[in-house]
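Heads up, the thing below is written out as structure tokens.
The structure is reproduced here in structure tokens:
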């Protein structure tokens, strides 16, 4: 019997997470109003189920994409005629559209969404989700285009990459600090793996921390979230309410939970129970066993992704694989830390589980890209002899992953 491949493991994990997402989002969205109850057929054809089905289609579509053809070392076109630069331009334009009246939509006092279309034919999505995944491809493309020798230098190699990161993160951070931090951490990690000198990154870290401090200190609601994290019981009915209710839901679940559908905190006690704090409802209804199941699936997905990254024969695809895995891992960790009160409240969803439309679709497509990288370049008619050479940092990291 042939051994299961890492790409197949990733696909199974995605389907498992989407299935759990459908079940738990439906459970968390239950109402105490009998008139609001929906029949089974309505649940199966509901918004969450439709998005999950579309996410699986996006997973399949992503698995058919040939990322090797985006490698700048294998392209004869001028750099401005290649696809990654235009992905970056599209990301910046979409991020700017959130501030355009009639297109941008304010949710929870933040400009994070754009709506396209009219009435029933309109669609809404977060441009930051698109930018989060496309920046991985753009940074990997730039690092291979510049080459390790140039990236090792500050002005001609590192500065252009930092400008790309600052443009995206600087646009997002005004409305969504958590996503900006997530994108920045992944991008800087790719710079290190792509050959940037550690000394330069260390020298620039005080400036990054100063900017982070200023973004928190200059925002009243961000300061309030820090205070609520440090002293939640000082204002239990105000800024500390979120954290207290999340802790209560987790504690009430104990080992086996109250039972699926029998949680009580979803009935108006815990805000954002289907999105950012869905994991607290999972802990309440499925207990520690349900939480362990979620953690095991994510850990399996991440390990399979690391295995795919190790098998890459080109620096370009290896960086993309690492970027996708790091994004999923960091986003998962950030959400779990917020829900378990180990970090201040942020608008970070649990990938493929928390209710989401564009988030589910783009995450599934990106993981489909990861699956596509498992196929050998020879199977996709790609000549690896033109691939850019791996950097010293990348070789060292690959060696540490193999240990």
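Numbering (this note's numbering), first residue to last: 906 to 1308. We put the CB at the ideal spot given by N, CA and C, even for glycine. Note that the coordinates shown come from a computational prediction; the quantities given were computed from them, not determined experimentally.
Check                                                                                                                    : Outcome
Backbone secondary structure at residue 951 - three-state DSSP                                                           : coil
Span separating the alpha-carbon of residue 1161 from that of residue 1196                                               : 10 Å
Stretch-stretch touch, CB-based, cutoff 8 Å, three pairs: the stretch 906-926 with the stretch 1151-1161                 : no
Nonlocal neighbours in the same chain, by C-beta distance under 8 Å from residue 999, ignoring five residues either side : 1019, 1032, 1035, 1036
Option in 1174, 962, 1003 with minimal Cα separation from residue 923                                                    : 962
Cβ-heavy atom distance, residue 1180 to the ligand ATP, below 8 Å                                                        : Among the components modelled here there is no ligand, and therefore nothing to report on the ligand ATP.
Which listed residue (968, 1261, 1271) has its alpha carbon closest to that of residue 1029                              : 1261
Where residue 1192 falls, given that 16 or more other Cβ within 10 Å makes a residue buried                              : buried
Inter-residue CB distance, residue 926 and residue 1270 (contact presumed, cutoff 8 Å)                                   : With 8 Å as the limit, residue 926 and residue 1270 do not qualify as a contact, their Cβ atoms being about 16 Å apart.
Residue 1058 versus residue 1093: straight-line alpha-carbon distance, rounded                                           : 15 Å
Reduced DSSP category for residue 1263 - H, G, I as helix; E, B as strand; rest coil                                     : helix
Limits of the beta strand (DSSP E) - the one that residue 1168 falls within                                              : Here residue 1168 belongs to no beta strand (DSSP E), and DSSP marks it neither H nor E.
Neighbour flag for residue 1249 against chain C, beta carbons, 9 Å                                                       : Included in the structure is just one protein chain, with no chain C present.
Contact belief for residue 1274 with residue 972 at Cβ below 8 Å, rounded distance in angstroms                          : 6 Å
Simplified DSSP state of residue 1021, which is helix, strand or coil                                                    : strand
Unbroken stretches of the beta strand (DSSP E), 3 residues or longer, contained in the stretch 1020-1067                 : 1028-1030
Helix, strand or coil at residue 1003 according to DSSP, with G and I counted as helix                                   : coil
Residue 1087 to residue 1176 span [Cα, whole Å]                                                                          : 23 Å
N- and C-terminal bounds of the alpha helix (DSSP H) containing residue 1223                                             : 1220-1244
Extent of the continuous beta strand (DSSP E) to which residue 1012 belongs                                              : 1009-1012
Residue 1170 versus residue 1107: straight-line alpha-carbon distance, rounded                                           : 44 Å
Cβ distance (whole Å) where residue 1216 is taken to contact residue 1083 below 8 Å                                      : The pair is not a contact, with the Cβ atoms about 32 Å apart (cut-off 8 Å).
Closest Cα partner of residue 957 within the set 1109, 1266, 1276, 1063                                                  : 1266
Cβ-Cβ separation, residue 1244 to residue 1184 (assumed contact under 8 Å), whole Å                                      : 4 Å
Residue 884 - DSSP class collapsed to helix/strand/coil                                                                  : No answer is possible for residue 884: it lies beyond the span of the chain, which begins at 906 and ends at 1308.
Rounded straight-line distance, which links the Cα of residue 921 to that of residue 1074                                : 31 Å
At least three beta-carbon pairs within less than 8 Å, the stretch 1047-1067 to the stretch 1098-1107                    : yes
Span of the alpha helix (DSSP H), counted from its first residue to its last, around residue 1205                        : 1183-1215
Buried or exposed by the 16-neighbour rule on C-beta atoms within 10 Å, applied to residue 1247                          : exposed
For residue 1016, the three-state DSSP class (helix, strand or coil)                                                     : strand
Inter-residue Cα distance where the pair is residue 1039 and residue 1122                                                : 30 Å
Cβ shell of residue 1205 (< 8 Å), same chain only, five flanking positions each side left out                            : 914, 918
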